[in-house]
Amino acid sequence: MKPAIARSSITPRFSETPAIARRLLEERIARRLLAGVLTASLVPLFAILIYLVWQAAPMLSWGFLVESPRDGMRSGGLWPALLGTLYLVGAALAVATPVGILASVYLNEYARPGRFSRIVNLAVINLAGVPSIVHALFGLGAFVAFAGFGRSILAASLTLAVMSLPVIIASTTEALKSVPQSFREASWNLGATRWQTTRHIVLPNALPGIFTGIILMVSRTAGETAPVLFTGAVFYKSIAGGDLFAYNLLDQCMALSVHLFTVSTQVPNVPEALPYAIAVVLVATVLGVNALSIALRVYLRSRKNW
Amino acid sequence: MVDHILAVSDLTLRYGDQTALNGISFEVPRFEIFSIIGPAQSGKSSLLRILNRTIDFNAEARVTGSVLLDGEQVLTTPHVHDLRRKVGMVAPLPVGLPLSIYDNVAFAPRLAGVKNKGDLDGLVESCLRQAALWDEVKDRLDQLGTRLSGGQQQRLTIARALSHSPDLLCLDEFSIAIDPVTTMRIEEVLRELKSKLTIILVTNLIQQARRLSDRTLFLWNGSIIEQGTTEAIFSDHPANSLTFDYIRGAFG
């Protein structure tokens, strides 16, 4: 018979029982599996970017950015399309951002919670899922025909604005909800009205979240093809290369997404690299605008007060 | 004849079909400290929210009865924002607004239209002094109010509540998040403030009510069990045996 004391002195205190061993194995499998899934989802992303730039390399140059197309689109640059996209996104942003933010402020800070605000919230979420071709048709009817703007930058950017409103409202709502209720109560206790509370306390602290919504919207609108094709984008428009003010709001314009579509499908004998080069510029434009918003967001977060 | 700043009569509050306050009546004499004690869920905080009408933000709440502040009907006054400026409110957990210390105190005066820098400076200093916080923060007024310690933040909220020169200062369990030493400092502050305004003190700390207040009201399940001078309530023979049990710690 061994004495009990001897046994406890040779058994390690943290022995690996079968149950613990199984848990550790599960943990290892889970870690590998999750890392694998992450890798699998990143690979296509980088593959696309690298493939695009690789294929586009022969065409990419400063001149490609700031010149007009020549030889029936087969050479020259894409300035009219680049500028057109900037105008469309800029004008859509100028309309959708204030309207979306103020609408969301009403929903969150003013409207009494109840059936009405629930229905509106539901409608907003569903509107965000409406296919863009439907918005395109709506824009054609409402802005081009009914409002009489004709096919123009104005009509196209208003269509894009309508399309992105739900996205902005939904993300602003999330941002407003993230501001603690106790801040509002403290402000009300001091005799502040709802608007004073919103203006001085809620909005400044919701700004970083609101910017997230705007970033999403920019990415989406810059790449949209159907809505602008229906309401204001044209196959070719001649403007002075490099001129920032070449369009006015009632002009028709070219757009990168439409340009990519037509060059790839409607023009025979284009250089192989051209569609890829257009795609690279489109992606770079979106990333550029996003980088700007992200920088602003990071700056605002660094000033976060709580 | 005692001069009452606040007269509540037959006040009833319902949330949906739940009764939070059940026809309570009491009066608060001017320039006194008035304690409201009672266990959680007895309706103490709801009562304070009625006094400055922030109960309005709860869509479920239905209030009936009468609340007269300086003779003016609180429940129906159209001047809600002016009313809230007459009632200073200090919450249980200190909520520094996400602004600088200076801006926290200057927030309410600015809303009321005070723009002159000199006036604001003077006001901020005097409020911070009254809340016994000035000496600790006078060199860093542009620092964030939310970065202060819990006890400092609570004194900041008191300074902020004083910034709109209220006639009535309500404190809702101001000491639950701060240490005993800071609590004693704030109690000292309250004793000094008593000469200028009336204080309603909602507290779970029975001994705090005993130390500070002139009158005490015992609220339980939305009804007043007993009210009177603090001396009488805390004597060996309060009118209601429930009061005696609660104060001796037999329940609650």
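First to last, the sequence lines map onto chains L and V.
Sequential numbering of the first sequence, starting at 27, is according to my numbering.
Sequential numbering of the second sequence, starting at 2, is according to my numbering.
Ideal placement from N, C-alpha and C gives every residue a C-beta, glycine not left out.
For residue i, the nearest candidate out of the options (CA to CA)
i                      : options                       : result
residue 181 of chain L : L:56, L:96 and L:254          : L:254
residue 57 of chain V  : L:56, L:215 and L:85          : L:215
residue 224 of chain V : V:11, V:5 and V:6             : V:11
residue 42 of chain V  : V:240, V:220, V:235 and V:238 : V:220
residue 270 of chain L : L:112, L:227 and L:261        : L:112
residue 123 of chain L : L:317, L:244, L:296 and L:250 : L:244
residue 236 of chain L : L:223, L:99, L:257 and L:127  : L:127
residue 6 of chain V   : V:27, V:70, V:21 and V:45     : V:70
residue 209 of chain V : V:248, V:237, V:164 and V:102 : V:248
residue 121 of chain V : V:81, V:136, V:105 and V:147  : V:105
residue 183 of chain V : V:150, V:90, V:3 and V:195    : V:150
residue 257 of chain L : L:98, L:140, L:130 and L:162  : L:162
residue 90 of chain L  : L:307, L:139, L:121 and L:226 : L:307
residue 8 of chain V   : V:79, V:27 and V:63           : V:27
residue 218 of chain L : V:162, V:32 and V:60          : V:162
residue 211 of chain L : V:3, V:55, V:32 and V:35      : V:55
residue 50 of chain V  : V:30, V:76, V:40 and V:34     : V:76
residue 74 of chain V  : V:164, V:52 and V:59          : V:52
residue 3 of chain V   : V:90, V:30 and V:237          : V:30
residue 323 of chain L : L:131, L:238 and L:189        : L:238
residue 178 of chain V : V:191, V:108 and V:155        : V:155
residue 310 of chain L : L:43, L:57, L:60 and L:78     : L:78
residue 124 of chain V : V:107, V:140, V:113 and V:114 : V:107
Contact test: residue i Cβ vs the ligand NAD heavy atom, cutoff 7 angstroms
i                      : result
residue 269 of chain L : Among the components modelled here there is no ligand, and therefore nothing to report on the ligand NAD.
Supposed close pair residue i, residue j - CB separation, criterion 8 angstroms
i                      : j                      : result
residue 107 of chain L : residue 300 of chain L : 12 angstroms between Cβ atoms; not a contact.
residue 201 of chain V : residue 169 of chain V : 7 angstroms
residue 199 of chain L : residue 133 of chain L : 6 angstroms
residue 94 of chain L  : residue 265 of chain L : 7 angstroms
residue 246 of chain V : residue 231 of chain V : So it is not a contact: roughly 18 angstroms between Cβ atoms.
residue 205 of chain V : residue 174 of chain V : 6 angstroms
residue 196 of chain L : residue 129 of chain L : Contact doesn't hold; Cβ gap of about 11 angstroms is too wide.
Same chain, Cβ closer than 7 angstroms to residue i, five either side skipped, listed in chain order
i                      : result
residue 263 of chain L : 106, 278, 279 and 280
residue 258 of chain V : Past the edges of chain V, shown from 2 to 253, lies residue 258 of chain V, and the structure says nothing about it.
residue 295 of chain L : 100
residue 126 of chain V : 135
residue 22 of chain V  : 12, 13, 14, 44, 47, 48 and 223
residue 177 of chain L : 170, 257, 258 and 278
residue 32 of chain V  : 195, 196 and 199
residue 152 of chain V : 179, 180 and 183
Cβ shell of residue i (< 8 angstroms), same chain only, five flanking positions each side left out
i                      : result
residue 28 of chain L  : Any reading at residue 28 of chain L must be qualified, since the residue scores a pLDDT of 49, below 50, and its modelled position is unreliable; the value itself is stated next. Counting only Cβ-Cβ distances below 8 angstroms, and skipping sequence neighbours, we find nothing.
residue 212 of chain V : 188
residue 147 of chain L : 133 and 199
residue 143 of chain L : 133 and 137
Proximity test, Cβ basis, 8 angstroms: residue i and chain A
i                      : result
residue 213 of chain L : The question asks about chain A, but that chain is absent: this structure's protein chains are L and V.
Per DSSP, cross-strand counterpart(s) of residue i
i                      : result
residue 28 of chain V  : V:8
residue 271 of chain L : DSSP lists no partner for residue 271 of chain L.
residue 279 of chain L : L:259
residue 16 of chain V  : V:19 and V:62
residue 95 of chain L  : L:102
Own chain partners of residue i with C-beta closer than 6 angstroms, once the 5 adjacent residues on each side are dropped
i                      : result
residue 118 of chain L : 183, 186, 187 and 247
residue 233 of chain L : 326
residue 259 of chain L : 281 and 284
residue 96 of chain L  : 102
residue 159 of chain V : 91 and 132
For this session: Can you check the segment 44-120 of chain V for any beta strand (DSSP E) of at least 3 residues that lies completely inside it and give the ranges in chain order?
Result: 62-70 and 88-91
For this session: Report the residue ranges of all alpha helix (DSSP H) runs contained in full by the segment 159-245 of chain V; include only those spanning at least 4 residues, in chain order.
Result: Under the rule that a run must span 4 or more residues, the alpha helix (DSSP H) segments found entirely inside the segment 159-245 of chain V read 181-194, 207-213 and 231-234.
For this session: Could you tell me which uninterrupted alpha helix (DSSP H) segments, each at least 4 residues in length, are contained entirely in the segment 48-92 of chain L, listed from first to last along the chain?
Result: 88-92
Problem set entry | Continuous alpha helix (DSSP H) assignments of at least 4 residues falling wholly in the segment 180-218 of chain L | 207-215
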